[in-house]
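Heads up, the thing below is written out as structure tokens.
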Amino acid sequence: MEVNAEARRILAVSISKLYASRTQRGGLRLHRSLLLSLVMKSARDIYHSSRESEGPPVGGEQPSTEEAMDACSGCPGEANPGHREPQPEPESVEPAPEDPEGCDGEITEDKENRSPARQSRKRRGKASAAPDFLPSKRARLEPGEERYAAAPLGSCCRAGAVDSLSALSLNRVIPAF
Amino acid sequence: MAGPGGDMQWCFSQVKGAIDDDVAEADIISTVEFNHTGELLATGDKGGRVVIFQQEIENKNPPQFRSEYNVYSTFQSHEPEFDYLKSLEIEEKINKIRWLPQKNAAQFLLSTNDKTIKLWKISERDKRPEGYNLKEEDGRYKDPNTITSLRVPVLIPMDLMVEASPRRVFANAHTYHINSISVNSDNETYLSADDLRINLWHLEITDRSFNIVDIKPANMEELTEVITAAEFHPHQCNTFVYSSSKGTIRLCDMRASALCDKHSKLFEEPEDPSNRSFFSEIISSISDVKFSHNGRYMMTRDYLSVKIWDLNMENRPVETYQVHEYLRSKLCSLYENDCIFDKFECCWNGNDSVVMTGSYNNFFRMFDRGHRRDVTLEASRENSKPMQVLKPRKVCAGGKRKKDEISVDSLDFNKKILHTAWHPQDNIIAVATTNNLYIFQDKVI
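Protein sequences appear in the order of chains A and B.
Counting in UniProt numbering, the first sequence runs from 1 upward without gaps.
Counting in UniProt numbering, the second sequence runs from 1 upward without gaps.
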């Protein structure tokens, strides 16, 4: 349990550092971001292995903590938009919007990156739809880049998807630029 | 190294910089480098300025040998810039300064920030022409009708003026942040390294460079390591090394292929599994790599230790020195306060017998390779009387603290010595605290 708590605390600290580094002078530092992501990966792995060794969790507690872990793990996928090369849909790494408790309350809800499940306040009318003849402004992959599988991440938002959460790569922390 | 039998006794010589406790960010020293003779000492700071000190020898006779470094030239090397495409500010902080070997009366150095390298010429002017035919002394043009004779202008002495002028600007070659520059022994080329790439430049050519190392993966999500430092071999112009965030060092031979992605040698020590923690990757990241002057060894600095590698042995270092092992149990706190990301440099003395590196609380450490001795010294204003001998310091890791020892919890982690330099020939060292430069010399030189 102690290891568990330590891992969660380190994850929370790491995420706040990652967010803070987005606003620092000189832009995101690749080396620092990489090291942060490695710490987060270690913490996440230790958190999961300690949870598995504790045995099956009690009742309904798991879904919210799973989502909390997802909130912590998913956050780093948000790279500095100014830095980014075309990426797979950003929605696929958005954190679960509810229950950031697992991160010790340090992570406030990320208004920029809500899951698409939330009701969008943007009006969608015919006028705002981009005409076909204009180039699409949506992020797209370069030829040859693998599409990042959104399916495992989507299932993380639901209860019990421990394995797929483990498979979640924390390499999304690294802005591709 | 205080002790009997002619061992080194370090004395305070000078301190440069403001005394204020309130440190302006621009004044934070970011690099220190002696030139090849040791006569000049350059510092770069976060504000993009370079300050060069020149040695003036007061008394050449040992044991009273005394030298002083006084300001020789100050100039603004880099200015803050803005990358409009990426909406990013480019810091003016000077990451590295490297001197070129002197070829003529002028001195040349390379200075770099995150994106741009500049070649600066520092020259002296101690004469000025006088007696122009068409101009008055104040520069106003004479009325041609008043000129009745012709004379040759003469050069007359004037107060020494040191001018720094940018001779070359090497820009737009690095997508990532430059961490190292290194001048080749051929005196014609140099390398610059960022997180993922190393470029080879010719000192005369600014509009292109050769990419000699590229570790950027096709998919950035697969990135596992970055380049942290790089250096040319001091004698072999075809050889260079680069260190990585994973604690490995790769030696490359430029004769093997144009792109040196495949290393000739890989230096790596297996990790001790008993030391595994959340922060193992961070503390194994190498922050500096330096060849010995004789070219047989190289030294690497990671967060907790200094390692000496024999270039002929790849599987482990020949010597390992613990800089501040007492911090191993504090890694979590050091992670929270960001200190674990500090990049300490290291340096060799002139004959490669002693190595030096910095630590916290304004402590710096020296390791005498031959005598297997080490010492901890402190750069502080309290010990700054002229020629005051520095007393060795000791950190108490746990248990009962002896008199004059300092406990780990009392260490000031805001006072860190990241940059140190050793005179190429003499026992004179320059140690940079946050915004002060301390110069110490051996009592007996």
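In this text, a Cβ means the ideal position worked out from N, Cα and C, and glycines have one as well.
8 Å Cβ cutoff, residue i in contact with chain A
i	result
B/S243	no
B/H419	no
B/Y335	yes
B/V289	no
B/I90	yes
B/H233	no
B/V213	no
B/T116	no
B/G5	For B/G5, the predicted structure reports a pLDDT of 35, less than 50, and the residue's modelled location is therefore unreliable. A value from the coordinates is still provided. So no, B/G5 is outside the interface.
B/F364	no
B/D45	no
B/D342	no
B/L327	no
B/L223	yes
B/V23	no
B/T228	yes
B/D27	no
B/D195	yes
B/D442	no
Rounded Cβ spacing between residue i and residue j (contact assumed at less than 8 Å)
i	j	result
B/S77	B/V51	Actually they are not in contact, since the Cβ atoms of B/S77 and B/V51 sit about 10 Å apart, beyond 8 Å.
B/V71	B/L437	Not really, about 11 Å apart at Cβ, beyond 8 Å.
B/A18	B/D7	Not really, about 34 Å apart at Cβ, beyond 8 Å.
B/V389	B/E405	Contact flag wrong, Cβ pair sits at about 19 Å.
B/F278	A/I10	6 Å
B/L110	B/Y190	6 Å
B/R301	B/S287	5 Å
B/R328	B/L304	6 Å
B/A173	B/N199	5 Å
B/V184	B/C260	Looking at the sequence itself, residue 184 of chain B is Asn, so the reference to Val does not match. About 14 Å separates the two Cβ atoms, so there is no contact after all.
B/E268	B/T248	5 Å
B/F440	B/F34	In fact, because the Cβ distance is near 13 Å, the residues do not count as touching under 8 Å.
B/W120	B/H36	Not quite, the Cβ-Cβ distance comes to about 16 Å (not below 8 Å), so this is no contact.
B/N294	B/D214	Incorrect: roughly 31 Å between the Cβ atoms, too far for contact.
B/A379	B/T433	5 Å
Run of the beta strand (DSSP E) containing residue i, from where it starts to where it stops
i	result
B/I249	249–253
B/M299	297–301
B/C11	10–16
A/N4	Here A/N4 belongs to no beta strand (DSSP E); instead the alpha helix (DSSP H) covers 2–21.
residue 235 of chain A	Residue coverage of chain A in this structure runs from 1 to 177, which leaves residue 235 of chain A outside it and unanswerable.
B/P166	154–170
B/F440	437–442
B/F367	363–368
B/L266	265–267
B/H419	419–422
B/I428	428–432
B/G358	354–358
B/T228	227–232
Delimiting residues of the alpha helix (DSSP H) encompassing residue i
i	result
B/C237	No alpha helix (DSSP H) holds B/C237; DSSP gives it neither H nor E.
B/E39	Run containing B/E39: none; DSSP gives neither H nor E here.
Heavy atom of the ligand SAH within 7 Å of residue i beta-carbon
i	result
A/G27	For the structure depicted, the ligand SAH is absent and the ligand set is empty, with no information on it obtainable.
CB contact check: residue i to chain B, cutoff 8 Å
i	result
A/S164	Confidence at A/S164 is low in this model, with a pLDDT of 38, below 50, so its placement is unreliable and no value can be given for it.
A/S53	no
Residues of the stretch 12–44 of chain A in Cβ contact with chain B at a cutoff of 7 Å, in chain order, please.
Answer set for the stretch 12–44 of chain A: V13, R25, G26, G27, R29, L30, H31, R32, L34, L35, L38, V39, S42, A43.
For the stretch 271–287 of chain B, list every residue whose C-beta sits within 7 Å of some C-beta in chain E, in sequence order.
Protein chains A and B are contained in the structure displayed, whereas chain E is not.
Suppose only complete runs of 4+ residues qualify. What are the alpha helix (DSSP H) ranges in the stretch 372–407 of chain B, listed by chain order?
For the stretch 372–407 of chain B, not a single whole alpha helix (DSSP H) run of length 4 or above is found.
Using a Cβ-Cβ cut-off of less than 9 Å, list which residues of the stretch 157–187 of chain B approach chain A; keep chain order.
Residues passing the 9 Å Cβ filter: T175, Y176, H177, N179.
At which residue ranges does the stretch 51–128 of chain B contain complete beta strand (DSSP E) runs of 3 or more residues, listed in the order of the chain?
Those beta strand (DSSP E) runs which fall completely within the stretch 51–128 of chain B and span 3+ residues are 66–76, 81–83, 88–90, 96–99, 107–112.
Write down every uninterrupted run of the alpha helix (DSSP H) in the stretch 284–348 of chain B whose length is 4 residues or greater and which is fully enclosed by it, in chain order.
Taking only runs of at least 4 residues, the alpha helix (DSSP H) segments lying wholly in the stretch 284–348 of chain B are 331–336.
Uninterrupted beta strand (DSSP E) stretches inside the stretch 176–216 of chain B (no shorter than 3 residues):
Taken in chain order, the whole beta strand (DSSP E) runs of length 3 or more contained in the stretch 176–216 of chain B are 180–183, 189–193, 197–202, 205–214.
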